[in-house]
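Presented below is the structure to which this report refers.
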Amino acid sequence: MRNYLIKRLLALIPTIFFATLIAFVAIRVIPGDIIDQMISQQEFSDQEVTRQTIEKALGLDVPIHVQYFRWIKNIFLHGDLGRSLWKNTKVTDEVMARLPVTFELSIVALIFSLLLAIPIGVYSAIRQDTLGDNIGRTISILGIGVPNFWLGTIVIIYPSIWWGWGPQLELIPFWENPIGNLKLFIVPGIVLGFALSGITMRMMRAMMLEVLRQDYIRTAWAKGLKEKVVILRHAIKNALIPVITLIGLYIPVLIGGTVIVEQIFVLPGMGLLVFEAINDRDYPIITGLMLVIGVMVLMVNLVIDISYGFLDPKIRYK
Amino acid sequence: MANHSASIDAGHVYAPVRRRSVVDFFIRLFKQKHLGAIGGIICLILLLTGIFAGYLAPYGYNDINPIHALKPPSSQHLLGTDNLGRDMLSRIIYGARLSMIVGFSATALSIVISTIIGITTGFFGGKYDMIMQRLVDAWMCFPALVVLIVAVSVIGPGMWQIISILGLRYGITGSRIIRGATLSVKENMYVRAANAIGASTLRLLVRHILPNIMAPIIILFTTRIATIILAEASLSFLGLGIPPPAPSWGGMLSGTGREYMLIAPMMALIPGLALTIVVYGINVFGDAMRDLLDPRLRGGSGSYSLKRKKGDERSSNIRSLFFGEKGERS
Amino acid sequence: MKKGFYASIVSVLFLPAFIFGVFITSTIAADKPQYGGTLTFFEMYASRNPISWDNADWCWKHPNDTGFTIEHLMMGDLQKGPRGTNEFAFQTATYIPANFLRGELAESWEVKKNPLRVVFHLRKGVFWQEKPGVMKSREFVADDVAYSMNRVKNSSKAPPIYMDFIDRWEALDKHTVVMHMNEWAADWDVRAAWGYYDAVQAPEQENAPGGPKKWQNVCGTGPYVLTDYKKGHSQRYTKNPRYWDSEVIDGKKYKLPFADKLVMMIVKDQATRMAALRTGKIDLMMDVNWRQFENLKKTNPQLQWKSRLHTSAFMLALRMDTKPFDDIRVRRALNMAVNRQEIIDAYYGGNAILYHYPFPPTFDFVHTPLEKLPPTAKELFTYNPEKAKKLLSEAGYPNGFAFKAQISSANKDQLNIAEMVVAYLARVGVKLELETMNYSSWLNRLIKKAHPAGCFMSAGHGYPFGTMRKIFVSGQHWNASMMSDEHVDKTWKEAVSNPNLTEKEANAQMKKLAVYCIDQAPAVWMPLPYVYTVWWPWVKNYYGEIRVGAQRSGSILARVWIDQELKKKMGFD
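Residue numbers (numbering that gives the first Met the number 0), protein chains in the order written: chain A, 0 to 317; chain B, 0 to 329; chain C, 0 to 572.
Here it is as structure tokens:
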């Protein structure tokens, strides 16, 4: 087990290195400089003078590999992710400001998706190819097939006319008023979670089906155990394990990929930050943010892998 | 897959009949997997609509006619008109072609990339495998949407650009699955045998490994198409999709459809419905394929599903789960 | 018994009188301005974040972002608007003729010659806001103005020309400040006193930790104090208790501002914005398009509204420096191939005007009506596909040609219009291919002059000198047509820098120049739609004005009061 852990941690280093490279290079290849945007704020042209002075002021006048090493050095020596080119605020501050929203949205979405997916997935499996199964699978595929921006739009538009329910515009922190805070995240969480539940449902169903064909289940039947016991005590536990790894797959989606839901429900999270920063060509924010997201995903996956190792005896003794 | 089947009817013994495995597959599809059959039909309709769009559509996809904007369904316009007076039915039909092209091309590209990376890393292993794995890890930790946004901003929108970006992004992430399949096939006897005889690497890869991992490849293909069609729709929502006046369903849904939701809901409902039906069809068809192709899940003698035999009085419902009726294997 | 009898008479008479009195006083009281409450609103750019808090960053959006808290030397005189004499609507983004201006931080000013300068007499009794960590509230003095203005002028981001006509600012005494000029500029007031870059910021901001670029250090003399900013979500303000201005309503003078708090929301998604307005979460919305408005009238008929012409024009600029658009016949042909009237009738439901560039009809002093244009210019606005084809074949393109045009994908409405243009041009044999890209990339290519033959762009109507320079003078950023005409450059320069011209004469020059530029057909101009400002009935003392400075709504909203009882009565809280 210890060897496994060490191996995984070592493997993380080159991964993070590649991740930083990808994050750093990707945004710089985009045409459309921040300087041009700044210049456009003016009414007059004569670009050369303005461009040079701004470039110098923003530190963009050195070649790209020098910028990269400077950035890496700052991160590892000072924990400093750099400063926004527009506002001169620290990237870490910007990211930290958005983290709570994303965090809470992810948790609500995850809880909802699991609550919906696991029971339906299990039921679909134990009643395979019946009407119940087909209905369950239809629900899951609707979850996958209905684009979340469409669902989100319907949720925003029609209730405002039918019931006068509008999007909540106050950002209430959790410790001040938990109910008010949750009200903000329930609806977008459900919209987001519905899409994720589709995948989980199918995975749950597939895993249950596989588990039900195992020898130890056959033994349980042979012993004359009731259906409820067989399912709850033997099958679900084992089918659940790979499903946990699915959560690892969701983390990238939940951490940075929620642009659409955040945009529709007015939640200032990390997804919107990425989108805005890309539009502004604010290099340090994008690079810093991509790095933070990447590292968070890798960490969560590591934790899940390790817990998988604890839960699945086959791996533990490798 | 069985190459021939024998069936024994009371009193008769039929000689074994050689059936082609593909035909056999379809027969099983229609007999056992009803949902999958429906899905297959939907996919077929999509394919045909896409190919014969020019003949099927009554109007062009950018025949604007602002005077007749936002008209409800009529004999002239079976699905009504959009905000610029274009026929919705024609737009949907051409949209099928666009979705088909984008979906199939991008998925095919992603499968090619996944297969190349997956097979080579799985087969050769060693340092190459280790480095590639770290690279794939690094790639996978970035959310798809973020990568897509950045990539589209770099290359610019356009049909072929979107296809390449989607293919590349999902190709790299999908290589894991192919690699896993390769690993399990690599150790098989016949591969070792071929190696012992002295078959060249290329021959090994193409003639021995590739055919045996076709099942996961096909499954990956069907799951990917739906994801890619939806990803294109999401890009359109953010304004990064295929530029107008292209009749992309995602574009119609997220652009003018949303704007006119309250005035002409048909504009959003119809492409949304089309998208959902197609994704649904592809997914259930893919499910059925996996059920039928995956040897571990194949039904047959000794399957232990909990479905009650016909004629059994005990009801098969959730109640039994909680009220502890005796389980029985069929 | 008698006592009871009298008592009942009195009560019978008294009760209705009492009820009547209560009724009268409550209705009167309902119209008497109340203090308190929160005004939550969408400004015109509700989908965009503030770009910079520091005017030394030279960002055009600065007055829009900071207008409630930082003031300028001059502002629009709202009493000349709908709340007073109704001579000017204050619904244009940057255009306010000189006779509709009044002093904000300056009470009066004189232009003096020998040496050329403007002397400002500053208002007394104005105080800076109290901002913990930045400064204590103190009196506003001339030194503050001189410091702030010189700082902007000498900023490293200052572009050439804009403030070059100013030599320096100098404080003469506590309440007099002088702007020394190198040369005359006819639009000096826009460039230096109520424009984009001339907000008066507190000198103390620079010494606060983090400097003037941090929102926490923003400090001005305005009606509201910035207390919170969440990027991508909202700006929050509270009342400045020492604000200097007041408003006279029904003969009584009230100290401003009325509302305790302002919340300026930032919401990217249009559907969400409409839902927020519809459900009363937003009190006032400045940018509602006609279709949404028609719908709102049905779902929420109680809403108040005012219409105005959209403040930016949308056009397809054609590169005059490349084929095929170097030939004026081709440019004319394209203009005549687009059926603008159909766009107005069908797409805008009649809520748009045909001809409005560079000066819309509201710019009375410089606008030339359609009938008075020379025939070649007038003809550009007709729909004549036959003549278009004829011109094309005369120019050597009998079978049409193909070209590309770039367009920013940010605005869905513009994309729809572009699609229609594609279809119209196809009918005369011209194949137009759209290149969509996000705003940054679009802008980048435009600035580098790397844009293709066509460029769909949105250009604000600005003010006469600014617009003519931005779009038609050679080498300018927004001159997407690459117009390089000596006559244009010379005429503009002369009109701006000739100190002997009166404002009327200078405007007349711009008017003539505009007709010349239209005749050159450098672009295909699209119809200009009407848009609406919409607000709930509990928002009182608001008459639909949107600007008192360049892109600045500033103290307009300070004059608005919330009828909280009415809001409760209507069921919103």
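From the three backbone atoms N, C-alpha and C, an ideal C-beta is built for every residue, glycine too.
Item                                                                                                                                                                              : Value
On the criterion of 16 or more Cβ atoms from any shown chain inside 10 Å, does V149(B) qualify as buried, or is it exposed?                                                       : buried
Pick from E169(C), S154(C) and E70(C): whose alpha carbon is nearest that of F119(C)?                                                                                             : E169(C)
List the endpoints of the continuous beta strand (DSSP E) containing L224(A).                                                                                                     : First-last for L224(A): undefined, no H or E at that position.
Considering Q66(A), what are the terminal residues of the alpha helix (DSSP H) in which it resides?                                                                               : I63 to K72
DSSP three-state call for K322(C): helix, strand or coil?                                                                                                                         : coil
With the cut-off set at 8 Å, would you say T93(C) and G465(C) are in Cβ contact?                                                                                                  : yes
Closest by CA to Q234(C), which one among Q291(C), I517(C), Q519(C) and N48(C)?                                                                                                   : N48(C)
Looking at C-alpha atoms only, which residue of V186(A), G188(A) and L170(A) is the closest neighbour of V180(A)?                                                                 : In the sequence as presented, Val is not what sits at residue 180(A); that position holds Asn. Among V186(A), G188(A) and L170(A), the Cα nearest to that of N180(A) belongs to L170(A).
Closer than 8 Å by beta-carbon distance: list the chain C residues that pair up with R90(B), in chain order.                                                                      : Simply none; closest approach about 12 Å.
Chain C beta carbons: is any one of them nearer than 8 Å to that of P267(A)?                                                                                                      : yes
Just grab the DSSP bridge partners of H120(C) for me.                                                                                                                             : S107(C) and T175(C)
Please tell me whether E434(C) has its Cβ less than 8 Å away from any Cβ of chain B.                                                                                              : yes
Just how far apart, CA to CA, sit F173(A) and L266(A)?                                                                                                                            : 14 Å
Given P160(B), which residues of its chain have a CB within under 6 Å of its CB, disregarding the five upstream and five downstream residues?                                     : Residue 160(B) is actually Gln in this sequence, not Pro. For Q160(B), where only same-chain residues beyond five positions count, the Cβ hits under 6 Å are I154.
Along the region 143-175 of chain A, where does the CB come closer than 9 Å to a CB of chain B? Name the residues.                                                                : I143, G144, V145, P146, N147, F148, W149, T152, I153, I156, Y157 and I160
Quick one: is D81(B) near chain A, going by C-beta distance under 8 Å?                                                                                                            : no
Rounded to whole angstroms, what is the Cα-Cα separation between G124(B) and N176(A)?                                                                                             : 55 Å
Please report the residue range of the beta strand (DSSP E) in which G250(B) lies.                                                                                                : Taken as a continuous stretch (DSSP letters only), G250(B) belongs to no beta strand (DSSP E), being part of the alpha helix (DSSP H) at W248 to M251.
List the residues of chain A whose Cβ lies closer than 7 Å to the Cβ of N48(C), in chain order.                                                                                   : E275
Taking 7 Å as the limit between beta carbons, can you name the residues of its chain near K182(A), skipping five residues before and five after?                                  : Q167
Please specify which runs of the alpha helix (DSSP H), each continuous and at least 4 residues long, are wholly inside the region 452-526 of chain C, giving them in chain order. : 463-471, 485-496 and 502-518
To the nearest angstrom, how far is the alpha carbon of G38(B) from that of F29(B)?                                                                                               : 11 Å
Exposed or buried, which one is V22(B) when buried takes at least 16 other CB atoms within 10 Å?                                                                                  : exposed
Would you say the region 128-137 of chain C touches the region 145-157 of chain C, given that touching needs at least three Cβ pairs under 8 Å?                                   : no
The alpha helix (DSSP H) spanning I110(A) covers which residue range?                                                                                                             : V90 to I125
What residue ranges within the region 16-84 of chain B form continuous beta strand (DSSP E) runs of no fewer than 3 residues, ordered along the chain?                            : none
What is the DSSP secondary structure of N187(B), reduced to helix, strand or coil?                                                                                                : coil
Within the chosen definition, does the region 175-183 of chain C reach the region 28-37 of chain C through at least 3 CB pairs nearer than 8 Å?                                   : no
Give me the Cα-Cα distance between G53(B) and I92(B), rounded to the nearest whole angstrom.                                                                                      : 9 Å
Once the 5 residues before and after P158(A) are set aside, which same chain residues still bring their CB inside 6 Å of it?                                                      : W164
Determine the contact status of G84(B) and P65(B), defining contact as a CB-CB distance below 8 Å.                                                                                : yes
Over the uninterrupted beta strand (DSSP E) stretch that includes W149(A), give me the two end residues.                                                                          : From DSSP, W149(A) is part of no beta strand (DSSP E) but of the alpha helix (DSSP H) over N147 to W161.
If you drop the 5 nearest sequence neighbours on each side, which residues of the same chain put their C-beta closer than 7 Å to that of A192(C)?                                 : H71, L72 and M73
For chain C, is any of its Cβ atoms less than 8 Å away from the one on T19(A)?                                                                                                    : no
For chain A, find out if any of its Cβ atoms is closer than 8 Å to the Cβ of A191(C); answer yes or no.                                                                           : no
Looking at C-beta atoms only, is the number of pairs between the region 222-233 of chain A and the region 137-154 of chain A that lie closer than 8 Å three or more?              : no
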